[in-house]
Every structure is written in structure tokens, then in C-alpha cells.
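Number of protein chains: 2
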Amino acid sequence: MERETVIKKRDAVATRAAILAAAHQRFLRESYDSVGLRDIAGAAGVDVALISRYFGGKEGLFREVVSHEDKPKVFREPKSVAELPGYLARLVIDDADEDREQRMEMFIIMLRSASSPKASEIIRDLVHLDVLGPLTELIGGEQAELRANMLLAILMGVGVVRTIMMVDDFAGSDADVAECTERFRCLFAAALTC
Amino acid sequence: MERETVIKKRDAVATRAAILAAAHQRFLRESYDSVGLRDIAGAAGVDVALISRYFGGKEGLFREVVSHEDKPKVFREPKSVAELPGYLARLVIDDADEDREQRMEMFIIMLRSASSPKASEIIRDLVHLDVLGPLTELIGGEQAELRANMLLAILMGVGVVRTIMMVDDFAGSDADVAECTERFRCLFAAALTC
DNA sequence: CGTTCAAGTCAACAGGTGTTGATTTAGTTT
DNA sequence: AAACTAAATCAACACCTGTTGACTTGAACG
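So the protein sequences, as listed, match chains A and B.
Note that the working numbering has the first sequence beginning at 1, numbered continuously upward.
Note that the working numbering has the second sequence beginning at 1001, numbered continuously upward.
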């Protein structure tokens, strides 16, 4: 029963996954420059050299962490503009849903490293391709791009204030979760119709 | 006439200011970890050692850049909740006003380095003290803190999307500046009343 | 059983980081 | 003009970074 976890089973894809998981965890909490490869390797229980060997370097590892995540694409779920505000509100507030939690984690990782020169290009491409693109297409109309930018801004802003500024009073003590979700739904709707 | 600019006039406060200005400029464009002291010193035209000497190290320099800026405090200008949305909208859109530009720069600097462990504490303190505090006090009421957080989130989000994600389509080509300002005024108002 | 080849480890590198002490320079004071 | 003091420089320091090549280990295959 413990053979999978304790004993090292010389499996390339397994250690690759272990490195990827450890990297995800670190990049979630610090910026691209802050986290060291030796830290990641230590958390994954492997040697540092393997990272440069498997991913071609730190940059390649980061690219694979943020892009190759085989989780479902972020903005494919909502089918119409009408249900978009509600969907985004639940995405922001409801941390019970594990799937949404993972999608939000992607945003945090991107935010954390967005100011590191080497990581910023990777992130910008990803944002335009996976977020802004589908979002603009879904909204439609002549000012779709502007609307998408505003929604992304709110999304990013909440992420910043919550996880980086360490302020988590949105679904706080007295406020009900449902009430708070409604509040954000209203805010997203305002960004779309203002 | 060129004695002040070209000839080095062995002035401690002048070089201190030069270092501070150069540091401000660098921290505005990269993160705390990315920026090197030798780069700052080179831009200021002084030796690296002077930085650690005058500011007690990189951390001290950063703290002085973000806090000791003798510019007017960010959220003292608006007098009532009613004029808050308009004020914030102008703060975000109107980049002609140099004073507002400087206030927005502070936000960008804080955003850029917010994910670097050493800088994050400094920034969190500053945000709570200089932004969230006055904002909450101005809003008033039982949910003032929540409202302030939402406003800060939008503010930060726009900053992220604009300068880090390199998306600047808010006051873009076809949209008029006045029209866009009104849009953001409406959004901030929604965040306050939702 | 012995060979083979990938998986993993070790050690070292070249470059960059922030920081410190000793030293020199320039401006002011007596 | 000589002495003094603060300002600025130089050189070197440990330390840490990502990366690379040579090496060793392990397991599967003939």
C-alpha cells in the first residue's frame, strides 16, 4: 500500500508529475523570481538537475505549469451572456467547488508572476488566448473587447486583494455567501451594461 | 547652468534623491526581485555601495520608495461618498492629470512587487493604512469595509490588466474619454450600492 | 546471467545577488 | 594652507541562482 508513495519507483512520468505538482504549489504562493528550483525539487523529492533535464529550464517548467494544465479551459462553461455574471460571481465566491478553485488558482499563479520579465510574456499570451478570446467571443457586439477587459479587471482585482493583499472580507463573517454572490453578480452585470 | 546636472556636487541629499528616483522608475516596471541594486545605482549615476549605506539595504530602499513619497495621500481628496465614484473613475482614466498619474504609479509599484515575500509585508501595511483605512472611513456604515475592499479590487484589477497584462483598451481608439470615464463611474457606483 | 539504456544523482560551474570594510576624494573649517 | 570630516569609490566578500557534464544506479530484455 505504501509502495506508490514511499518507495521510489523509477518512473519518469511520475516524477515529472511530482515536479509539476510541486512547482504549481510554489508558484501559487510566490512569484516566478522568488521560487527556486532547489526548493521545488526538494518538495518533489528529486534532484534539481532533473528539472532542467525534463523541462529544459525554469522557464519551460513555468510554461508547462500555467499552460499544459489539462484542466478544462476557463471560459468555456457559460453558454450565454445572460448567465455570465452569475457564473463569474460563483467563480469568485464559491470556494467549495473544487473545479472552480482550480480555475481560480490559475489566475493567482498568473498574477503572482506577471511582473517577472521572463514569465510575463508567457502569461500575456495565455490570458489573451484562453481568457480574453473566449470571453470576447461570448459577449459579442461592437464593444465586446472592452467589456471583456472590464470583467477580467474585476476578476484579477479580487484575486489580488484576496490572496496578495491578504484581505478576505468579501464572503466574511456576517455576510452570507448567497448574499455576497448576488452582490458580485450585480457588479459583473453592471460592468457588462454600464 | 549645467553645474547642477553634469558636475557631481557631493551632496548627500541630492544623491539620495537620485537613488530614490531611479528606484521608483525601476520598481514601476519590474518586481522587487527582478530589479537589481546595481541597475538602480547605474541609473542614478552612483556606486552600488551607497544604496546599502543610505537606506540600510534593498528592503529599506523599497520601503522608502513606497511609503516616504511625500506626495499627497491617496484617498484624502474626495469629501463625500457621493463624489467617490466620479473621483475614482477620473483617477483610473484621466492620465493627463500629473497628480493622478503619480497616485496611480504607487498602485502599480505595489502591484508589481506584491508577490515578493520581503516586499509584501511592507505593501500590506501601506495598503491598509493609506488606502483601505481612509476609504472605509469615508464610506461609513456597517458594510463600509466590504465596500472599500470591492473598490480597491476594481482599482487594482484595472491596474493589473492595463500595465501588467498590457491591455489598454479602456479608453481606446473609438471610445471617447468622457464616455469611458462615465462607464467607470457607473461601475464604482454599482460596487457601492449593489 | 549479463548487457543495455534510461532514470536519477553528484559535483561543479559561471554568473549574479546584496552587503561590508578599507580607501580615496572633495569640501569645509580653523 | 593644513587638518578634519563627510561623501563617494573600490574591491572583495559570502551566498545563492539556474544549468551542464560526467557519473552511478536500477530495471527490463535477450
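Think of the CB as a built atom: it goes at the ideal place given N, C-alpha and C, for glycine as much as any other residue.
Contacts with chain B at 8 Å (Cβ-Cβ) include residue 111/A. Counting along the chain, residue 1102/B sits inside the alpha helix (DSSP H) bounded by residues 1098-1113.
Around the C-beta of residue 80/A, fewer than 16 other C-beta atoms lie within 10 Å, and the residue is accordingly described as exposed. Counting every other CB atom within 10 Å of its CB across the protein chains shown gives residue 1009/B a total below 16, marking it as exposed. Look at residue 1040/B: its C-beta is not under 8 Å from any C-beta on chain A. The region 82-102 of chain A makes no contact with the region 1083-1095 of chain B: fewer than 3 CB pairs, one atom from each, lie closer than 8 Å. Put simply, the CB of residue 1153/B is near chain A, with a gap under 8 Å to one of its CB atoms. Judged by DSSP in its simplified three-state form, residue 1170/B adopts coil rather than helix or strand. For residue 1194/B, there is no enclosing alpha helix (DSSP H), as DSSP marks it with neither H nor E. Within a 10 Å sphere around the beta-carbon of residue 1129/B sit fewer than 16 other beta-carbons, which makes this residue exposed. For the region 1076-1088 of chain B, no residue has a beta-carbon sitting nearer than 9 Å to a beta-carbon of chain A. A direct Cα-to-Cα measurement between residue 42/A and residue 1084/B gives close to 49 Å. With respect to residue 161/A, residue 1187/B sits apart: the two C-beta atoms are not nearer than 8 Å. With contacts defined by Cβ atoms closer than 8 Å, residue 1053/B and residue 1039/B do not form a contacting pair. Listed by position along chain B, the residues whose Cβ is nearer than 7 Å to that of residue 30/A are 1115 and 1117.
Taking a contact to require three or more Cβ pairs closer than 8 Å, the region 133-145 of chain A and the region 1135-1142 of chain B do not qualify as touching.
In the displayed model, residue 156/A falls within a helix according to three-state DSSP. Nearest Cα to residue 1117/B within the set 33/A, 20/A and 17/A: 33/A.
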